[in-house]
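The sequence shown begins at 1 in the UniProt record's numbering and counts up by one.
Beta carbons: idealized from backbone N, C-alpha and C, even for Gly.
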Amino acid sequence: MDQKVLVLNGDYTAITLCSVQKAFVLLFLDKAEMIARSDGTLRSISQAFPKPSIIRLQRYVRVPYKGIALSRHNIMKRDHFECQYCGSTKNLTLDHVLPRSRGGESSWTNLLTACARCNHAKGHRTPHEAGLTVRQQPKKPTLAGFLKLSAGTIDQNWHDYLN
1 MDQKVLVLNG DYTAITLCSV QKAFVLLFLD KAEMIARSDG TLRSISQAFP
51 KPSIIRLQRY VRVPYKGIAL SRHNIMKRDH FECQYCGSTK NLTLDHVLPR
101 SRGGESSWTN LLTACARCNH AKGHRTPHEA GLTVRQQPKK PTLAGFLKLS
151 AGTIDQNWHD YLN
């Protein structure tokens, strides 16, 4: 039951993920409709219900998009919890590509995940100056891309709504 359900707004745009239980409650209260089913069923004492994979809210909900919060956890999630210099998954820290001492700011495009060893070796230099190569250039994730990262396993039905 730890499976996630994709929630679409009234205009079929992806807005969030929720648990199967929350999705079932929205369906049961007629606040949403089922767009796609998942394998399996939900059972009560006397009834069986299809397990939802995608639901759409009956009404359009105005969601003020503030972007994805810039946080340590979200940056590491974007970088798949591995050092962007050597690929290590131990002793992870955040690194400023352009160091703060040289005017670098804390932003999606200037922060990346680095292990303590690589971060120390880089010091107050740029990766190029330190002789390090960045595996994946840091960039701000899209909402759809971040929902894919948050979901873990992605249902095949979701691809049309997350691309």
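Using the C-alpha atoms, what's the distance from residue j back to residue i?
{"i": "residue 18", "j": "residue 135", "result": "32 Å"}
{"i": "residue 32", "j": "residue 12", "result": "12 Å"}
{"i": "residue 113", "j": "residue 160", "result": "30 Å"}
{"i": "residue 110", "j": "residue 104", "result": "7 Å"}
{"i": "residue 101", "j": "residue 59", "result": "49 Å"}
{"i": "residue 151", "j": "residue 3", "result": "8 Å"}
{"i": "residue 131", "j": "residue 107", "result": "23 Å"}
{"i": "residue 71", "j": "residue 34", "result": "33 Å"}
Identify the residues that DSSP records as bridge partners of residue i: which are they?
{"i": "residue 19", "result": "4"}
{"i": "residue 112", "result": "95"}
Using a threshold of 7 Å, state whether the C-beta atoms of residue i and residue j are closer than that.
{"i": "residue 37", "j": "residue 53", "result": "yes"}
{"i": "residue 69", "j": "residue 162", "result": "no"}
{"i": "residue 93", "j": "residue 119", "result": "yes"}
Any idea if residue i is buried or exposed, counting beta-carbon neighbours within 10 angstroms, 16 or more meaning buried?
{"i": "residue 7", "result": "buried"}
{"i": "residue 144", "result": "exposed"}
{"i": "residue 39", "result": "exposed"}
{"i": "residue 139", "result": "exposed"}
{"i": "residue 65", "result": "exposed"}
Would residue i count as contacting chain D if we go by Cβ distances under 7 Å?
{"i": "residue 18", "result": "Chain labels in this structure do not include chain D; a single protein chain is all it has."}
For the putative contact between residue i and residue j, defined by C-beta atoms under 8 Å, what is the C-beta separation to the nearest angstrom?
{"i": "residue 41", "j": "residue 28", "result": "Not a contact, Cβ separation roughly 14 Å."}
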